[in-house]
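In what follows, a single structure is set out as structure tokens and then discussed.
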Amino acid sequence: MLPPLLHHSAFRRFLLGRAVSLLGSAMAPVALAFAVLDASAGRAADLGAVLAVRTVPLLGLMLLGGAVADRLPRRSVLVATHLGAGLSQGAAAVLLLTGHYALGPFAALEFCNGALTAFTSPALRGVLPELVPPGQLRPANALLGLAADAGKLLGPPLAGLLVAGAGPGWAVALDAASYLPAAYLLARLPATCSPADARTPADARPAARPDALRRELRRELRRELREGWTVLRRTRWIWWTTWSCCATNLLLVGPWQVLGPALAGPAPWGALLAARGAGLLLAGTAAYRLAPRRLLATGQLAGLLLPLPLLALGRHAPAPLLLAAAAASGLGLALSATAWDTSLQEHLPNGVLSRVSADADVLAYLAIPLGQLACGPLTARFGAPAVATAAATAQAALVLLPLLSPAVRRLPHAAARPEPEPGRGQEYQSSSPCR
């Protein structure tokens, strides 16, 4: 029997579309790495440039992406970005398969892909409250997390098999193809008005003159960007949790990615990643069923599990303890992510949700390259084990700081409203004034 949430046909389509797209996205790092190295005769500089140009627009345009997702119908934004990503990645695959690879055109296509992701992410977080009842946001986020984690487990091996058997160009082509069924399923979601229209009835807005339209749009965009930042800064639980996530990314992501493989060795590193993936899947199952009264505070406490594998590597722990620490870290990551997404969706007005989440993401992601760049000099001076141990210890302390704020500690998890068992195909009726 399907879980009650999956009887909502709109959410079913959304979940299936995300699962297909996430599987392709999980293949992309492996496919791109081997595609660029193969086509460029092993030039690592080409690979570094391609990865960088995917990241730069993601950070630079995410704030704009949040404003667009709060102004236009999110379904339309998602369909357009998925189709655009499929076309740009498909063009990259054509360059590889026809032997016409050149760094400039290939990097430009990946730049487009990163730019489209900057518009996709805020819209994804904002569209979920339009599809499911308020009391079902936590299990819905848990199911989406399970789909993402399953993609992380299946995508890289599938990409590796395609690279070895058919060539890296075909792996990139399959990633491109995954966007098309996802776009089709997203296009079948219920039509909703834009959040901006929901805030201001159409008959209450004066018609803009054509010659003033561009100026008015620029003014509105600046105002909406300021509004999103103001909400983030004045909402204490968002402010403190965002900076905690920023500290976690600074202290853990770089050392884990840079020092982890060297400290573990090739075979143990693969086992650690697999154990972490198992922890992610276990946590997704738990998050679907557990409903703590203080969901955000529970997510912060789960963040204490994140540094365990890095700490174990720094202390040269035996293999069984390393694997257990990695599984616990995956569990903590999934629980904290579900708590954060659900809290945003439960407690923020829908009309500002995408902008605030984009602002928070940018602040958190900016810390990642700083941590990556700091690893080299710190390791040269203090040694990899000492840096790993210090980073893990500092993160464990900083993740607890937001709990000193009553706004974080006492934020309630919205209780599910009692609902009749939905019939197959029954839709959730949004409370939006536009239907």
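In terms of the working numbering, the sequence shown opens at residue 800 and continues consecutively. From the three backbone atoms N, C-alpha and C, an ideal C-beta is built for every residue, glycine too.
- With contacts defined by Cβ atoms closer than 8 Å, Thr1041 and Val1207 do not form a contacting pair.
- With distances taken between CA atoms, Leu858 lies nearest to Thr916 out of Ala1183, Thr916, Leu896.
- Only exposed fits Leu1169, as fewer than 16 other CB atoms lie within 10 angstroms of its CB.
- DSSP places Thr916 in the helix class (H, G or I) of the three-state scheme.
- A Cβ-Cβ separation of about 6 Å places Thr1097 in contact with Ala1138 under the 8 Å criterion.
- A buried status is given to Leu957, since no fewer than 16 other beta-carbon atoms sit within 10 Å of its beta-carbon.
- Under the DSSP assignment, Val1057 falls in the alpha helix (DSSP H) whose first and last residues are 1053-1057.
- Counting along the chain, Ala1127 sits inside the alpha helix (DSSP H) bounded by residues 1118-1146.
- Cβ neighbours of Leu805 within its own chain (closer than 7 Å, five residues either side excluded): Arg811.
- The C-alpha of Glu909 lies about 6 Å from the C-alpha of Arg853.
- If you ignore the 5 residues before and after Pro1060, its C-beta comes within less than 7 Å of the C-beta of Trp1068, all in its own chain and listed in chain order.
- Non-local beta-carbon contacts of Val971 in its own chain, meaning distances under 7 Å to residues more than five positions away in sequence, involve Ala830, Leu831, Ala834, Gln888, Ala891, Ala892, Leu895 in chain order.
- Scanning its chain for C-beta atoms nearer than 7 Å, with the 5 sequence neighbours on each side dropped, one finds around Ala986 the residues Val878, in chain order.
- Gly1129 is the residue among Gln1171, Gly1129, Leu1049 whose C-alpha sits nearest the C-alpha of Gly944.
- For His881, the enclosing alpha helix (DSSP H) begins and ends at 873-896.
- Secondary structure at Thr1034: coil, using DSSP grouped into helix, strand and coil.
- Pro967 and Leu1062 do not touch by the CB rule: their CB atoms are close to 29 Å apart, not below 8 Å.
- For Trp1036, the CB contacts under 6 Å within the same chain, skipping 5 residues up- and downstream, are Ala1206, Val1207, Leu1210 in chain order.
- Within the same chain, Cβ atoms closer than 8 Å to the Cβ of Leu1202 are found at Ala1096, Gln1099, Leu1100, Arg1208, the five residues on either side in sequence being excluded.
- From the listed residues Ala1166, Asp845, Ser920, Ala907, the smallest Cα separation to Ser824 is found for Ser920.
- Rounded to the nearest whole angstrom, the C-alpha separation of Ala1159 and Ala1123 is 31 Å.
- Closest in alpha carbon position to Ala1157, among Glu1145, Asp1140, Arg937, Ala1173, is Asp1140.
- Counted as a single uninterrupted DSSP element, the alpha helix (DSSP H) harbouring Tyr978 occupies residues 967-986.
- When C-alpha distances from Pro1108 are compared across Ala1126, Thr880, Gly1102, the shortest belongs to Ala1126.
- When DSSP states are grouped into helix, strand and coil, Ala907 belongs to the helix group.
- Shortest Cα-Cα distance from Asp869 to any of Ala907, Asn1149, Glu1145 involves Asn1149.
- The beta-carbon separation of Ala848 and Arg1154, rounded to 31 Å, does not stay under the 8 Å limit for a contact.
- Nearest neighbour of Ala840 by Cα position, chosen from Gly1076, Gln1194, Leu886, Leu902, turns out to be Leu902.
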